[in-house]
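Terminal number for the sequence shown in UniProt numbering: 757, no gaps in between.
For glycine and all other residues, C-beta sits at the position ideal for the given N, C-alpha and C.
In this text the structure is predicted, and so the values were computed from the model without any measurement.
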Amino acid sequence: MKTHNIMIYYAQKIQSGGDIMESLKQLNLLKLLREHQDLLFLGPLIWFIAWNLLLITTFPIPAIFAPISKVPLIFVLIKIGLGLYDRKYTKNQLLYILPLVVVSILVGLIGGQNYILYYLILTLGALNIPIDRMVRVTMKTVGIIFLITLLSAAVGLIENRIFYREDGYTARLALGIQYPTDAASLIFYLYGMYLMIRHQRLQRVDTLIGFVLAFVTYLLTGTRLDAILLVVLALIAVASRRQWGYRLGTWLAWSVPIMALISIGLAGYYSETDNLWQFVDHLLSGRLHLVQQALESYPLTFFGQVIEMNGFGQFDPSKPYNFIDSSYLQMLLRFGIAYTLLALYYFSDLIRRLFRQGLTTYGFVAVIFAIHGVIAHHLFNPIYNPLWLCFLASLTVQEKMIPLAIVGQLSRSETGLGQALDDFTQHAKHMLGEQHVVTLDITDNRQFLKNCWHILHTPALTYYFTPSATVWGNLRDLVYLKLMLYSGASVVTHFHTRHYGQLMRQHRLLRWLNRRVYRRVSLIILLGHSQRQMFEGFKIPAEKFRTIPNGIAPELFISEADYAQKTGKRVIYFSNFIEEKGYLTVLEASRQLADSGYQFFFAGQFFNSAVKAQFLRLIEPLDDVYYIEAVKGQDKAWLLKQMDYFVLPTTYQHETLPISLLEAMASGLQLLVTRFGVIPEYANPKVTTWIEPDAQQISSVLRAKLSEPKPSYSDLNLVNYQAVFNRTSVNQQILDAVMFAVRDDDYREMRQLGMYF
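What follows is the structure, given as structure tokens:
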């Protein structure tokens, strides 16, 4: 009731001549309207497009919805009023658009073409709306409704009209739209909008989509010319990947008046008695004959005239067929000379400005739209062509780009890979800012489709990805990588496994698929130089590889004083409890050294409770063997500094460069390790003894160590290792490699964001 009284007061204020803006202020609506000006435009635009599109489908939509679709334009008028009140329209913008305002009003008053006024309202309301948002909203609205229409026609919920060519047997489906040509045009314009949204992210697959659409469109609707222009649009995906100067836009802008002259010239010079003209008319599906009839039947006027159309889409058999299937001629005859000249100028100028702003895909698509206007009447219809409303729109792409997306098994922090990923993620967020880094955990394969959706809808400039080295994991990764590449982002892969090479040698099909994908990634980061062998035969340039080791926390590096306190009799197995890593071999060695005075410590993560219970039973009778739960941070640093020997007889197929080994070196431990992965590239030879995964050999080496002098502190070479393996330094190397792998245009975009560089 309170709201009702307020609205009565508001209405009385307006009726009594009170100032509208003051009334809005008293209702506290002005602030609300200012905050949601985009919605004042986009909401009515969606409503307008949706209902007017539904009216050309075979859904039984009552005619009353035609005027109802225009009612929300009141909100656009409010936005225009706010813009004028707040002086958001610059003097140049007002002078620029004033001729269109005047002529549109005259066309409505004199020519009787009222819907030109609706287009004018939407054009004025589009002030400062980003052009990509205009296109995106139109594409989603039209796409959803067309898809619903298509499915409804396919299952028989609505009529799927069938028309036949002159031969009487070639069927043309309208796909739930009134006429096949209109359906084909919807597909054509939707694909053009899709290319504009993709813009600098265009890939070869986008071209393939165009070719497929052209084939399917021709197969179903029988529209030759639309299919041909779909192919031309598809080639835009190739052309737009080049850098084009703005001068090209100046030349291509002339395509609009040239297409108009071609339309008028073809119609004016067409002759029914000339065989060549008959052939051209046949190629254009009889359009020349019809548009010439229109030129002869209706005079040219300055401000337009009412012409009743009677085409196959909504054909009235009681009246003669009359349809002008050319945007330029329909504009000229229905809206008049003045509006046509202005429209040609504004659309040409839009193309020129698009190229000047670097929106080359938008410019190319606009040119193809202009060509399409010769053979169809949809160029000036915002249901099909959102660019027709963009004369005052902001020629900027407002898509929020995220500099870095980190994709990997992020939740497995108990593994070396999980730890490395977590360290890098925290470093990247610290350097770039939390809002500029997104993460995607792909640990749970049940979330595969959800992960694919996230990759497709994450506007990342660069993806950082850690691949798997199992058959199914690799197939999953290939899908993820293809989606990342499809997005147009730079992709950097970081291999923490050496088994990938063996996988490629064992599976030729996987090798072929991987070669095709990895030749397109921007950079491949490896832990060691020997990992390059995994890509033998891939023909990947050497500059695409970067070798960066794992990093460790600075608190792990032992001081000389702490090193002097080591007893020389503490041995540790410090890794996850996987049988191939050799923890049972170390346990057997501890039994053989039961009388030696050595103490054995096992620290790490079990992945199976039964295996853990069995291990605890095995060590229970052993006096000098201890199990320690996985430790982190300062507890880990303290534990390792108490130890003397690090033993890892690993044969684990995914072992590459164990972080625990680097941590042991930093903590002053002597190493007993197998020559596995890239360990030989980094292990300090002065403190390393190479072993086989054999308990007898391990026990023999440790017995011999009892009589050997401890390596000196200088032998640890910690000054150099701290420079190489310091976690912050390593993560910064990775971040530098990832960020400098971005494409040139993304590099410029990041510079504009004031980030990183």
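- Secondary structure note for TRP453: its alpha helix (DSSP H) is the uninterrupted segment 448 to 456.
- Beta bridge pairing from DSSP links ILE105 with no other residue.
- The region 462 to 471 makes contact with the region 394 to 410, as at least three CB pairs between them are under 8 Å.
- The closest CA to that of LEU503, considering only LEU344, PHE535 and VAL521, is found on PHE535.
- In the structure shown, PRO382 adopts coil according to DSSP, grouped into three states.
- In this structure, SER487 sits near LEU456, with a CB-CB distance shorter than 8 Å.
- Closest option to THR170, judged by alpha-carbon separation, among ALA564, LEU40 and LEU220: LEU220.
- By the beta-carbon neighbour count (other beta carbons within 10 angstroms, threshold 16), SER348 is buried.
- Linking ILE264 to ASN128 through their CA atoms gives a straight-line distance of about 35 Å.
- The region 380 to 394 makes contact with the region 131 to 141, as at least three CB pairs between them are under 8 Å.
- Ranking PRO467, LEU284 and LEU235 by CA distance to the CA of THR223 puts LEU284 first.
- DSSP places HIS494 inside the beta strand (DSSP E), whose first and last residues are 490 to 495.
- Excluding five sequence positions before and after LEU73, the CB atoms of its chain that fall closer than 6 Å to its own CB belong to PRO44 and ILE121, given in chain order.
- Spatial neighbours of VAL367 in its own chain (CB-CB distance under 7 Å, excluding positions within 5 residues in sequence) are listed in chain order as LEU252, SER255 and ILE351.
- Rounded to whole angstroms, the Cβ separation of LEU716 and VAL673 is 16 Å, and the two are not in contact under 8 Å.
- Excluding sequence positions up to five before and after GLN642, its CB lies within less than 7 Å of the CB of ARG570, all in the same chain and listed in chain order.
- The C-beta distance from THR123 to PRO386 rounds to 11 Å, too long to fall under 8 Å, and the pair is not in contact.
- Counting along the chain, the unbroken beta strand (DSSP E) around ALA603 starts and ends at 599 to 604.
- Check the Cα spacing between SER700 and each of GLY83, GLN592, ARG172 and GLY210: the tightest is with GLN592.
- For the region 324 to 363, the full-length alpha helix (DSSP H) segments reaching 4 residues or more read 327 to 356 along the chain.
- Between the alpha carbons of TYR362 and HIS430 lies a gap of roughly 36 Å.
- Using a Cβ distance threshold of 8 Å, PRO549 and LEU527 count as a contacting pair.
- If you look at GLN670, you'll find it isn't in any alpha helix (DSSP H); it sits in the beta strand (DSSP E) that goes 670 to 673.
- Annotation for ASP715: no beta strand (DSSP E) segment contains it, and DSSP assigns it neither H nor E.
- Taken through DSSP and simplified to helix, strand or coil, GLY408 comes out as strand.
- Looking at the backbone, the Cα of THR567 and that of LYS710 are separated by about 10 Å.
- In this model, ARG516 and ILE258 are separated by some 43 Å (Cα to Cα).
- For PHE188, the enclosing alpha helix (DSSP H) starts and ends at 180 to 198.
- Per DSSP, TYR169 lies in no beta strand (DSSP E) segment and is marked neither H nor E.
- Here DSSP, grouped into helix, strand and coil, assigns SER575 to coil.
- Cα atoms of GLN697 and PHE646: separation of roughly 15 Å, rounded to the nearest angstrom.
- Beta bridge pairing from DSSP links ALA460 with ILE402.
- In the three-state reduction of the DSSP assignment, SER700 falls in the helix class, which pools H, G and I.
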